[in-house]
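Read through the structure below, which is laid out as structure tokens, and then see the notes.
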Amino acid sequence: MLMNREKSVLLVIDVQTGLAPAIDDGERMVDNCIWLAGVAGRVGVPIVVTEHFPEKIGYTVPKLKAASGGAHYIGKQCFSAQAGDVLAGTAVADCRQVIMCGAEAHVCVQQTALELRWAGKEVFVVADASGSRDPFNRDLAFARMRSHGIEIVSREMVAFEWLQRGGTDLFREINRDFIR
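So for the sequence shown, the numbering used here puts the first residue at 28; every next one is plus one.
Following this line, the structure appears as structure tokens:
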């Protein structure tokens with residue numbers, strides 16, 4: 028199945044000041060989350076950002092917060108953002124496709140993705156914008172999620188599928204500002 032910007036929401040999981048530095052290749056993960064948020068904003072895809080125990084782990088990385096203008100921020104205590112109706116009232120509840128990124132891939136990202144999939148959503152996890160402290164756990168999580176029907180994609184796959192075609196003003200803008 029292809030990602031469609033009219034049916035999508037970008038769900039950014041726990042890219043927080045106290046966690047991101049501990050992620051293997053965490054700077055790249057953060058940069059790719061920022062990139063995705065920028066593309067989502069330009070193509071009109073809503074953004075929801077979770078923060079796990081922000082008073083203890085820190086709030087969303089400032090560069091990501093700046094790139095996610097208009098995002099809906101929610102705090103959570105369960106690893107899965109789908110638990111306890113945390114996502115009720117957000118764009119996640121209304122959209123068929125959930126494009127996910129963040130940390131940790133084998134904990135909060137995976138548990139949220141699995142529960143969203145079991146709830147009937149089409150779930151896509153962006154591999155180059157998701158991470159764990161240990162790459163073994165990240166890779167195992169990707170394999171497990173894939174076995175449950177969750178699509179593992181790259182940031183450029185997301186952008187090009189949201190765009191659907193070249194030759195438009197929007198394509199030229201995204202190509203100029205993000206792809207090149």
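Beta carbons: idealized from backbone N, C-alpha and C, even for Gly. Quick caveat, the model's predicted, so the values are computed rather than measured.
Taking the beta carbon of residue i as the centre, do at least 16 other beta carbons fall within 10 Å, making it buried, or is it exposed?
{"i": "His175", "result": "exposed"}
{"i": "Ala49", "result": "exposed"}
{"i": "Ser181", "result": "exposed"}
{"i": "Ile206", "result": "exposed"}
{"i": "Ala130", "result": "buried"}
{"i": "Glu54", "result": "exposed"}
Report the residue from the options whose alpha carbon sits nearest the alpha carbon of residue i.
{"i": "Glu200", "options": "Glu54, Met127, Ile177, Val66", "result": "Val66"}
{"i": "Lys83", "options": "Asp161, Gly45, Asp112", "result": "Gly45"}
{"i": "Arg32", "options": "Ala140, Cys122, Cys128", "result": "Cys122"}
{"i": "Met127", "options": "Asp112, Leu143, Gly116", "result": "Leu143"}
{"i": "Ala94", "options": "Ala120, Phe106, Asp58", "result": "Asp58"}
{"i": "Arg160", "options": "Val39, Met28, Met30, Ala47", "result": "Ala47"}
Whose C-beta lies closer than 6 angstroms to the C-beta of residue i among residues of the same chain, with five residues either side of it excluded?
{"i": "Leu91", "result": "Val42, Cys60, Ile61"}
{"i": "Glu178", "result": "Phe151"}
{"i": "Gln109", "result": "Thr139, Glu142, Leu143"}
{"i": "Leu72", "result": "Leu is not the amino acid found at residue 72; the sequence shown has Val there. Arg32, Ser35, Leu37."}
Round the Cβ separation of residue i and residue j to the nearest angstrom and send it over; I've been treating them as touching at under 8 angstroms.
{"i": "Asp51", "j": "Gly147", "result": "Contact flag wrong, Cβ pair sits at about 32 angstroms."}
{"i": "Cys135", "j": "His79", "result": "6 angstroms"}
{"i": "Gly96", "j": "Gly68", "result": "6 angstroms"}
{"i": "Trp189", "j": "Val70", "result": "5 angstroms"}
{"i": "Ser168", "j": "Ala132", "result": "Strictly speaking, residue 168 in this sequence is Ala, with Ser absent from that position. The pair is a contact, with the Cβ atoms about 4 angstroms apart (cut-off 8 angstroms)."}
Enumerate in chain order the residues of its own chain whose CB-to-CB distance from residue i is below 7 angstroms, with the five nearest sequence positions on each side excluded.
{"i": "Pro162", "result": "Asp51"}
{"i": "Leu63", "result": "Leu37, Cys128, Val153, Ala156, Arg182, Val185"}
{"i": "Gly111", "result": "Cys105"}
Using a C-beta cutoff of 8 angstroms, does residue i count as contacting chain C?
{"i": "Leu141", "result": "Absent from the structure is chain C; it holds one protein chain and no more."}
Below 8 angstroms CB to CB, which residues in the same chain sit around residue i once its five sequence neighbours on both sides are set aside?
{"i": "Asp204", "result": "Gly65, Arg69"}
Checklist entry - Residue ranges of each alpha helix (DSSP H) run of no fewer than 4 residues wholly in the stretch 111–187, ordered along the chain? => result 118–121, 137–145, 162–174
Checklist entry - Which full runs of the beta strand (DSSP E) of 3+ residues lie inside the stretch 28–69, going along the chain? => result 35–40
Next on the checklist: Extract the residue ranges of the beta strand (DSSP E) inside the stretch 76–111, only unbroken runs of 3 or more that lie entirely within it.
Outcome noted: Runs of the beta strand (DSSP E) spanning 3 or more residues and lying entirely within the stretch 76–111 occur at 99–103, in chain order.
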